[in-house]
Every structure is written in C-alpha cells, then in structure tokens.
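In the numbering used here, the protein residues as written are -10 to 101.
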Amino acid sequence: RVKDRPVSSRMTRDQSWEDAVYANVMDKLGLDMEFQQTHLSIDERSYRLSEERGHSSRYPGLPTLYCIHEVKCRILDPTVAGMAVIGLPQGNDFTVNRVRRLQSGGTDTVVT
C-alpha cells in the first residue's frame, strides 16, 4: 500500500458500499468486523459516488467505466491498545500480513 493514500479495493457488483468498507478495512488493515464496529465510525454523510472513464488495466485497449464509492471513516479513540497494529496513536509506520487462499488450494502470505 502506498503511504498517505486512501485504503481502496474493488467491490463485487452485488456488494453494498457499507459491506465493502468493512471488507476493505479487514483485508487492507487487518481489523476484524467486531473491532471496526467498536472503534470506527463511518461518516455516511461523506459518501460520494463518482464515475471515471479509462482503459482497463487487465484488458489493454478496452474502454472501461469505473464507479468509485468514497466514504470517510473516523477512529473513535486512537489511544485504544488495539490501535497499535495500525501505528496509532503515534502515527508510526506499520505492516499488515495477510494470508490468501489460492485457487490451487494453497496459501500465499502478502505483506503490505
């Protein structure tokens, strides 16, 4: 993940933006749903949907329409002990280790 950039990911077509927020924070920052519900606040009033036209990175030359959902989240108390895993309250750099299941049945560890 690039430092000082918003956390982002792709959504599935049938996924609500609210569900995508929780899944994205879990996947990118390693904070489980219970922790998020207790310590994060989603600012629903900040929600914004926009569209960008471009070319697919997977299929060169294919015109693509990207629907972008943006929302702000606030950490309720950055001094809570569990926030140290994301560098808070001091704002320290941190890494997240994720294990992903491969189609072959194996696993792959991703460090960001």
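Don't be surprised by glycine CBs; every beta carbon is placed ideally from N, CA and C.
For the options E40, L38, S35, Y11, the alpha carbon positioned closest to that of H28 is the one of Y11. Contact annotation: S35 and R63 have beta-carbon atoms that are not nearer than 7 Å.
Distance between Q79 and D66, taken at the CA atoms: about 12 Å. Linking R(-1) to S45 through their CA atoms gives a straight-line distance of about 13 Å. Within its own chain, the residues whose Cβ lies closer than 8 Å to the Cβ of R42, once the five positions on either side in sequence are excluded, are P52, T53, L54, Y55, listed in chain order.
Beta-bridge partners of G43 (DSSP): T53. Taken through DSSP and simplified to helix, strand or coil, L29 comes out as strand.
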